[in-house]
Every structure is written in C-alpha cells, then in structure tokens.
Amino acid sequence: MNKYTTVGKSEKKVDALSLATGSSMFVDDFALKDGLYCKLVYSPHAYAEILDIDDSKVLAVDGVVDVLHYKNVKQILHTSAGQGFPEPSPYDCLIFDHIMRFVGDRVAMVVAENRKIAHKAAKLLDVKYNILEPLFDPEKAMDLESPKLHDSSHAYPIGAKYVPEKNLAAEVEIGFGDMKKGEKEADFVIDETYNAHYGQHCAIEPHSVKTMYDEMGRLVIISSTQVPFHVRRIVAQACDYPLAKIRVIKPRIGGGFGSKQEVFLEPLAALVTIRHKRPARLVISRAEVFQCSRTRHPIRVRLRTGVKNNGEITFLEMDSLLNSGAYGSHALTVLSNCGSKVLPLFNKIENMHFLGRSVYTNLPVGGAYRGYGATQGYFGLNQHLDILTRKLNLDLPAYIKKYHIQVGETSGVFEALGEGKDGVPQIINSCKLDECIDICIREIDWHSKRDKKITKGDKVRGVGLAVSMQGSAIPLIDMAAAYMKMNEDGSFNLNIGATDIGTGSDTVLSQIAAEALSVPLAKIIPFSSDTDRTPFDVGAYASSTTYLSGRAVKKCALKIKDQILKVAAEMMGSDLEDLYVEASEVFDKKQKKSTSYGDICCYALYTHKQFQIQAEASEIVEQSPPPFMAQAAEVEVDTKTGAVKVLEFISAVDCGQAINPQLAEGQVEGATVNGISYAMTEEYVFSDKGNLLNKGFRSYKISTAADIPKMKTFVVESHESSGPFGAKSVSEIGINGPMPAIANAIYDAIGVRMYEAPFTPEKVYRAMQVQKIE
Amino acid sequence: MEVILNVNGKPIKVEFTPEEHLLYTLRQNGFTEVKSGCKEGECGACLVLLNGKPVNSCLMFTASVTEEDKLLTVKGIGDLHEPHVIQEAFVDSGAVQCGFCTPGIVLASYALLQENSTPTEEEVKKAMDGNLCRCTGYVKIIEAVQLAAKRLQKK
Amino acid sequence: MKNIKWYYPVSLAEAASLLEKKSNVPHGGGTNLSGRDLSGVEGIICLKKLGLDYVKKDKDIIEIGAMTSYAELVKKLGSISPDNILVKSLKNAANTPCRNRITIGGSIAFVPTWSDLIGALLVLDATLVLIGKKSGEFKVADYLEQKELQDQTLICAMRVKNTVHRSVHYRDVKTVNDMPLFTVTTLLELDGACIKAAKVYIVGTTERITKLSEVEAYIQGKSKEKIDEIAVQDLVNVAFVGSRITDPEYMSYKAKIETGRAIFKALENDQWK
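Which chain is which? The protein sequence lines are A, B and C, in order. Going by the working numbering, the residue at position 112 of the first sequence is 112; the numbering climbs one at a time, nothing skipped. To convert a position in the second sequence, counted from 1, into the working numbering, add 1000. To convert a position in the third sequence, counted from 1, into the working numbering, add 2000.
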C-alpha cells in the first residue's frame, strides 16, 4: 500500500516522449556556425618517447588551421578522473605529452575546416619515436627490471601512496582483528584466485564535445559528460583558463555507465576555441572509444579464507591487483571499492586483511565503470562462497542468510576503507537481502535444479546464485545542491546540478520535489546540469543521485513549503499550526477554508510584502546505505563443445523505497544484461605489441535483444530512513551478480570452476580439459 | 552531386560528394534525429526506413538513393505534438532511458508492425537484432513493441 | 582524390560496357563497398535500375536476380519453398537492416570467409548467369575458384533446382548478429530411410571452402541407424587459421562435433525443417 501520491509511482520519464520522437538534442545535434573539425593522432607504439614532431606538412595543407601537440600546449599535470577536488587520482597526465604510454595515447590533434581535410592532413604528421620496451603484465609491473611508466614529477594531490619507481599507481591496505588467531582457529583454508577482465561500457553515443564562445565571449562547452562541474574545473586547470569564463552544459546524453565520468576531450576542444576564437567539434569514432577512452579495470582478486568445519569463516584475506593501464585515473578508488563494497557484506568475519595494489601497464586506460571495483570483487567472493558451502555440504542460500550483514549491524571495513580518505563508519538501517534471496530461489526453482545436473543429450543444466551490495553516494565527500522557485500557477522550477545520463534523474528528483510539496509531477519543471544555471552537484556516479541529490531536493522543497505556509497564514489570517497541505492547496483545519498554491504565489509575487518564493539547499551525507541484491542464473552447458547458454536470469533488489519502480527495474535490467554480456562474450584482444585488435562492435560482441535469456526482475522495497522518502540507490548494483551467478551455475552443471571470463565455448572447454572433467 | 530526396514525405534538395554516406547527408541537412553510433552497420542508431524497409544509413551511399525512393526517419512517423502509437508505447513501457538508440529501434518496430501486426516475442527480438541498446537490457523495449501491437490492433 | 563518377545503367548491355573499364566497380547496395577504401575506384556502377531483384520459378528451376537482398530472398523464396537451405542459411545472417541491403550477387562477388551464403549455394549446385568479359552460365564452385570468371564480369542471376531435400545450416557465432567463425551446411537426398546423395561443406577453413568428400562418401547409402557419429567426426579433418582468441585446434575439434550434429539433425524427422 503506497502512502505517497507521486513517489512509488511509475511516472512517465519527463524526457521520454521528446527522445522517442527524436526532438531531444544530444551534443552532436547542436549546429555549429563556422566550426572547426578536430582529429586526434594516436601513438602506434605501446611505449615510446617522441623525439620530434614535424607538423610543417600538415600545416601546409589548405584548410588546416592548427596542429596541437606537446611543443605548443602548456604542460600542466592533472588527472582526467571526474572526481571531487582534490581528486583521489594521481596527476599523471598532460593534454599532450612527449611520452606515449599505450597504443592509442595522444600524439597530436589536427584542427581543420572539415573532416576530409583533417583526416587527409593527419596522415602527413611526421613523428620521430624512440621506441621503448613496453610493460604488459601487471603481475610484473613492480619488478625491478620492468620498464617504468611514470616518474616522481607525478603525484596525488591528496598525498596518497604513490611509488612510480615501482609502477605503483595506488596501494591500499587495511586490516583488523588478529590474522594469526584466525589461521589457528581454521580447520582448513580455501585459497583461490579470480580474474575479472577488460570490458567497455559501449554507450551507444560516442564521447562528444563542442566548444564555442557565446555572444558575451564566455567559453561554452557542450559535452556528453556525467560530471559537468568537474569538467569546468579541470578544463580551467589544464588549459590555465579562468573558471569564471567557462560554462559547461550537459544536454541529453547517449549513455555513460562511467565512461563519461572522465575529462579527457573537453580540454582539447576548449583549447581550439580559446586559440582560434571559433567553435570546435570533437567527436571520437567507435574504434577510438574502445581503444582510447576508458575501460573497466581488470582486477586479479585472490581470496584466502580460513574456515571451520561448521562453516564459520575465521579469517579473510583479499589481495587485489588492479591493472590501471597507462594512467592512474580512478586507480585508487576502484581498488578501494573492490574491498569496501564487498567485504562488509560478510561482517561476522572478525579477522580481515585487504591489500590492494594498482599498477601501471602500457595498455588502454581504466576508468569508472558501473560497479566500480565491486563487480570485480564479487566475481571472486560469490564463487568463493560457492566453493566453501559445497565443500562443507552446506546450503548456499542459507549460509548467506546466516552470515551477511543485518539491520543494526556494522562492519569495521566501513570505517577503515574510504575513497582516498578515511572511511566513514555506518550502521545498516535497511536490508531485505533475505527476501531477495528467497525470491531468486523460488523463481529459478533452485531446489529442483541445484546439484541435479539435469541432462538432455549432450547438454547439462545448472543453477547459480550471487549476492552483492553497493553504496549510495560517497559519505562526507559528495555534495549535491538544488534550487527551487515558485510560479503563479502553482508550478515550480527545480534547478539541479544532478546529471541525468539516461537514468531518469530529472524525473526521479522531480517526483521527490512533487511529493514534498504535495503537487502532481507535471507541476515540477526540472532543469539540470548547466554550470551557469544550476547549483553544484558532483555528477552521476557512485550511485549518488537518488539518495544524495534527492535529499538536497527534498530539503529544498521543504524550505519552499515553509514559505508557502507562511504566506498562506498571512492570506487566511491563520495560525501556522492549523495549516496542512494537500493536492496543491493549503488548508486551515480550524477555519475550514483553503487557498490554492497559485493564489499563494500570486499574492507573494504581486500583492503584499512581495517576494519570490524560492529556496536553495545543499546536502552531504554521513553514510552510504547500501542497496542489496540477489541474482540467480540457470545455464545449459554443452558438454562436448563447452558452449554455455544462459536460460534464465532472476534479479531481486532492495533499493529502499523505489521512487519510480519502472525506472528502478529499467536500471536493474540494463545493468544485468550488461553483466551477462560481459560474462559471456565481451573481451579485449591485444596484439603482441599491445594494440587492441577488436575495436568495433563487429569484433567486440555485446548482447542484442535476441541474445538475452528469459529475465525476471523484482524490486523489493525496504525503508531507508536516511534516504529521501526511504530511498537508496539502484543504478550500479545489477551488474555485480551475473558473472559470478553464471560461473556458479556452470560449476553446478559440469563441475568446472571458471576463474576467468568471458565464458566462451573455448574457455569452458579448456577449463574442462584442465580440470579433467569428461 | 545533387539529388532531391523524399524524406518524411517531403522533397528536399541535397548536395553531396560521391563517397558520402546517407547518414552524413541526412544529419548535415537537419535530420539530427538519425544518430551516429558506430559507422559500421552494427548498432542501428542510424537506422532509417528506405521504402518501408529498415537500413543502416551509415553504410548507404547517398548516391544510391534516387528520387523515387522514400525515406522515413523517426520524426516521420510521429512528433512531440502528435506522437505515433509506437512512440507512446515506448514512453508508457519505460523503454526509453538515454534515448540514443530509440529513434532506430522505434523505426525497426514500425517496420515490423507494418508487416506483421501480431508478432511473437521471438519475432520482435529478431526484428531488432540490428539495434544495440546498452541502457535497458531490451526487456522493456520488447514489452513496448508488444503493447504497441495490441494498441494498433484495437484501432 | 579524383571525384568518383556514379553510373545508373538501365540495361545489362550498358552495365556490361561500363565494366570494360577496370576502375569501375559494380555496387548492388550492399555493405561491402561502403565500408572500404575507395582509392583506385574511378566509377561506381549502381545496379538498382537493372530490374535484377526478383525470385521466379520456372518449372523446376528457381532463378534469383543478383540484386535480390537477403531479406527479399528469405521472404520470396520462403513463400515458394520454406524449407529451402538458402532460406535457412540467410534468415539469420548479419542483422535485419543489413539483410535489407546485402544482395545475393554482391555477396558472391565479394565472398568473405564468414559468408552464410556459400555453403547453401554449393550444396545446391547453384549456377550463376554472368555478363561482361565472360558471359554465360557457370557453376558457383567454378566462379569462386577461377579469377577470370570474376574479373570485369557482372553476376545477373543465380539458379538452383527447385527440389527440397533435408538440409541443416550451422553457424558458429558468439551472439545472434555475429559473423560466423565457420559454417557447416549439409544437404541430404533420401531414398526411403537411406541417404541417396549427400553434400557437406564447411566454409571458413584455411582453404576457405572445404567439401567434406570423405564424410559424404561414408554416409552415402546408409540409414540413420547405420551411421556412427564418432566415425563421422573422425572424417572431419579441417584446419582453421584461428586468431588471438580462437585456437585453431579447438575450432577443428568443434567443426567435427558440429558436422556430426548437423548430419544427425538432418536425419531427424522433426528437426531438419
């Protein structure tokens, strides 16, 4: 039974119709008058020093306006990571460097009147390289004799551990309890290593940016970005340009998933406009997105657990090695989350140690990607639990229910492991994981299928389960703000920095405002993500928007409500305590009269002691209440060829109060299919020289509608009292379960443990050979 | 080169080069609802209807299109003020997230329903095997097409 | 770059004479030319006005115009002869919008290693009608092997016999819209329960196309009960180039398994349609 009028309703997304009719504008839809075309030139070598660039032939081409490279661009160290300032990522990159650190690193940018000229002229760039020995194996990165990719001129702005002489981009170590005691108490130890691999976000819109001077001479950046405010700051920093002169606008965005939580194209386009006083367009190709933008960080996760014969884990040791690629964007924070979002789930473990290291390699650069380290960690943890319970003949679902964190409990990991700073302790307020597990068990028909190895000819079936938690915003670090004003028909403008990247945050935040003000959704006019017109918000990451930006919006709306009540009191001669609000009207229960929102606003704007009913609010949060998720898969394995088919996939999520259930389901469904695709068919293939070989959709396969299994998604509502109307987050968590659930299902079917994905027929077949299963 | 294209029922004179692709020509001439996602015929963001049939405009030479051909973009089946039943069904089903793939998928659905007014779930999935979506996981898109089919039957 | 000139011939004779210039290339509307580097191309001959998109049946011969798209063929041939191996092979090739542009003629002329079409054409003993430097009717197998049949000729039509035998097409793909690593196509003509004539081809091997003659010989004259699947597998010895992600040894092994399966599927009464 829904006690709200708008919250909890599957209201139509405010921009859905304009998107479905093609009238919405994405970055490349904005017409540029007299614009310049930008074409990047990339390094063909994985590791090389540019000895010289001769751009004379390029500049001689009619229609070429400029060539940017290290000789003519200010060398200002920064990070491209779209994070709060000072960023928890090393300042290890330049707009143009003279050291090339991966195949796909940026040598130069040709600026010309049109595409044809730019592409033709780019081929004439004369670059002399001193080719260096590259480093590709992250396990060897810290060896003495390995090539070093960065030097001591690079460093974190926050003073985090950084040892470039060892290619160490980040290191995190936490522990509590007594590991020796844990080892002694264990009856046996399970020691396994799991490898989460490369993946690409594959947002259908490639990274795009357009820059121009407006009619007042301000630099306007229209960018396909998740982080408009970080864009503004980093462009100011990297281009050495006054921040006050920069305006960043985020229009409609064609997907991000973390790939656009990065500021690596905007400074380039900005420089072109700054130098030539003309608009610039920089839209990268699909191949450039695959190779030269950002990837998921591969992480090798080793888990060692001491186990008693009754199932209790006496100690847990996680040793994670993250392959950061050529630069360290998000290297510390993704690494931290591999532990911080995973380890607290099993909080009864008294003795814990987490050592994480991020290392540089001469490979494409890792960045933020939905799940953000938790995905990689859960691939390990969920299989580890499967191994443990099978060894002891325990029921996996019952085991998880017995040992996972519960309402009222905490974990030492929360405080120990933050994101570049200390973590923040928290107590779990809401958790319906048990119900989520029950739904999965029921819907997949667990008990009829588990361990049964149902066989038909050459094909065997199995079922697997995985659980996870994520977070909702970064406590004490992220900030969101909102501004609202009232109009004379009882409608409200809602200006928010929060960034809708297709997630529907414009809608969800409007629903929160509408609920707080007791108005229908149509009375809220959202406007978001313009650094001139909206207040600050960190942007769309860390699953922060509903929880954190939602709290700011609610806080702001309640301030507005206060003002409305005060005006109404004056209008009706009422006592404030006699007033209540319902359906856009203020009622005086004593005098039995009412006045409408419209009348109230007109009074305020025009009649007496005129003022604009308006308010602002900022919010930070003191905790990051996790959503919880259970996911189950049924697979069919071809015992002759190793081909795996995912037959059915169940997801059940506790995201607190779902502000918009349809949008919440949509987030889970999208994340789940992304996770299944990542597990089954996606991989990066490199040549011996570190060149990415499969840089297009023809050779990097993602699921189509015809590939998805039968899917069921359940939104299980709990109530998170710290969240706006009880809400937590939902956008990332769905991607964590598929890979381990499918791996566990494969084991159930054929007794083969998949420590690495994608689970292609060949990989499964080889695993069958190696693990000697017929 | 020059040709008069028939787009969304209206003639439009366009200039283009011999190697130019239809996607580029359309976008240069204001049809920005046709999106560019991969330029190799895999993602379907550039999908338009050529004489009623879905094609990838990124792989078509503009020179292949002659005056008798009829092109349809998503704006040709319905707009913000008079949306098509299919577009409304997408909205109602929650099938639109970032919306970048939506014009192409709406057109693919339109072509399907023109030919087969009662498609099975398998037929719906097959009709959009050339449209990639990373946001929705396709679940609500399939529901939207089935809802549209039902609503069109009622009409 | 010199500007490419487009031609729109309305007769086959006109098209043939345009082909006399080596730097002119024919274009059926498919996806091959538009993805390619066009340096060296001076003229593109657009074939759309030649009236070559048709599927017609003349007694026991089905003739398919070269400009027929995969989608059109699946639809038109599908209504004449729904269990035809051509329909089975092409209905899942590429993806929906590409199937509306890829033409039969273009596909044969530019046959890629991963073609879904070739296996079907070979098991059907299809012939091609050519004009240009060489004209007449030629076997597809000959066309694929002899360069002088390919240079400066235009495929006008393809012909196959209108008899439907049991057939199966297997494509080795990762996702539904993937280009197959290899395909297995088999056509079995039965006489009662016995195989009267068998054709089995694998496309995508190191030879590009491999006719599994030994398999064909082994299963000929036998009924399902007399065929040993392991014996079939043992006779499939094909090599693949492989790639960084596909071990050629595994592919050879998989080809054995899938060939055996294709043949048995073709022999199952309720499975081959």
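Idealized CB from N, CA, C, for every residue including glycine. Just so you know, these numbers come straight off a predicted model, no measurement behind them.
{"Item": "Min CB distance A:Ala-118 to chain C below 8 Å", "Value": "no"}
{"Item": "contact_flag[the region 198-208 of chain A, the region 250-260 of chain A] where n(CB pairs < 8 Å) is 3 or more", "Value": "yes"}
{"Item": "Residues near A:Pro-535 by beta carbon distance below 6 Å, same chain, minus five either side", "Value": "Ala-481, Tyr-483 and Gly-497"}
{"Item": "Contacts of B:Phe-1061 in chain C (Cβ-Cβ under 9 Å)", "Value": "Trp-2006, His-2027, Gly-2029, Leu-2033, Ser-2034, Ile-2044 and Cys-2046"}
{"Item": "CA nearest to the CA of B:Asn-1006, picked from B:Gly-1030, B:Gly-1137, B:Cys-1098 and B:Glu-1067", "Value": "B:Glu-1067"}
{"Item": "B:Lys-1053 at chain C interface by Cβ criterion, 8 Å", "Value": "yes"}
{"Item": "Per-residue DSSP class, three states only, for C:Thr-2210", "Value": "strand"}
{"Item": "For A:Tyr-547 and A:Ala-727, believed in contact at Cβ under 8 Å, the rounded distance", "Value": "6 Å"}
{"Item": "6 Å Cβ shell around A:Glu-720 - same chain, five flanking residues per side excluded", "Value": "Asn-429, Ser-430, Pro-625, Gly-656, Gly-726 and Lys-728"}
{"Item": "Residues in the region 2072-2103 of chain C having any Cβ partner in chain B nearer than 7 Å", "Value": "Asn-2095, Thr-2096, Pro-2097, Cys-2098, Asn-2100 and Arg-2101"}
{"Item": "Proximity test, Cβ basis, 8 Å: B:Met-1128 and chain A", "Value": "yes"}
{"Item": "Minimum Cβ-Cβ distance from B:Arg-1134 to chain A less than 8 Å", "Value": "yes"}
{"Item": "Distance CB(A:Ala-155)-CB(A:Tyr-91) smaller than 8 Å", "Value": "yes"}
{"Item": "Any chain C beta carbon closer than 8 Å to B:Glu-1019", "Value": "yes"}
{"Item": "For A:Val-653 and A:Val-730, believed in contact at Cβ under 8 Å, the rounded distance", "Value": "6 Å"}
{"Item": "Reduced DSSP category for C:Cys-2156 - H, G, I as helix; E, B as strand; rest coil", "Value": "strand"}
{"Item": "Residue-chain proximity (A:Glu-775, chain C), Cβ-Cβ < 8 Å", "Value": "Within the shown structure, residues of chain A are numbered from 1 to 774, placing residue 775 of chain A beyond reach of any answer."}
{"Item": "Minimum C-alpha distance to A:Glu-415 - residue among A:Lys-341, A:Ser-208, A:Tyr-700 and A:Asp-588", "Value": "A:Lys-341"}
{"Item": "Whether A:Ile-746 touches A:Val-668 by CB criterion (8 Å)", "Value": "no"}
{"Item": "Beta strand (DSSP E) segment containing A:Leu-271, residue limits", "Value": "Per DSSP, A:Leu-271 belongs to no beta strand (DSSP E); it is in the alpha helix (DSSP H), 266-276."}
{"Item": "Cβ shell of B:Cys-1098 (< 6 Å), same chain only, five flanking positions each side left out", "Value": "Cys-1135"}
{"Item": "Endpoints, the alpha helix (DSSP H) within which C:Val-2123 is located", "Value": "2117-2123"}
{"Item": "Buried or exposed by the 16-neighbour rule on C-beta atoms within 10 Å, applied to A:Ile-50", "Value": "buried"}
{"Item": "Contacts of B:Thr-1025 in chain A (Cβ-Cβ under 9 Å)", "Value": "Under the 9 Å cutoff, chain A gives no residues; its nearest Cβ is about 13 Å from B:Thr-1025."}
{"Item": "Top-ranked residue by Cα proximity to A:Asp-588, from A:Ala-46, A:Val-567, A:Ala-604 and A:Leu-605", "Value": "A:Val-567"}
{"Item": "Contact set between B:Asn-1116 and chain C, taken where Cβ atoms lie within less than 8 Å", "Value": "Ordered by position in chain C, no residue passes the 8 Å Cβ test against B:Asn-1116, which lies about 11 Å from the chain."}
{"Item": "Whole runs of the beta strand (DSSP E) within the region 440-518 of chain A, excluding any shorter than 3 residues", "Value": "459-469, 480-486 and 492-496"}
{"Item": "Cβ-heavy atom distance, A:Asn-351 to the ligand NAP, below 7 Å", "Value": "Summarising the ligand content, the structure contains no ligands, and the ligand NAP is consequently not present."}
{"Item": "B:Phe-1061, DSSP secondary structure in three states", "Value": "strand"}
{"Item": "4 or more residues per run - each alpha helix (DSSP H) lying fully within the region 288-316 of chain A", "Value": "none"}
{"Item": "Under 9 Å (Cβ pairs) to chain C, residues found in the region 674-687 of chain A", "Value": "Ser-677, Met-680, Thr-681, Glu-683, Val-685, Phe-686 and Ser-687"}
{"Item": "Validate contact between the region 2154-2166 of chain C and the region 2116-2135 of chain C using beta carbons, cut 8 Å, 3 pairs", "Value": "yes"}
{"Item": "Spatial distance of C:Ser-2135 from C:Gly-2242 (CA atoms)", "Value": "37 Å"}
{"Item": "Within chain C, partners of B:Asn-1006 - CB distance below 7 Å", "Value": "Neighbours of B:Asn-1006 on chain C: none; closest Cβ ~15 Å, over 7 Å."}
{"Item": "CB of C:Ser-2023 within 8 Å of CB of C:Val-2041, strictly", "Value": "yes"}
{"Item": "Among A:Ala-630, A:Thr-595 and A:Lys-695, the one whose alpha carbon lies nearest that of A:His-404", "Value": "A:Ala-630"}
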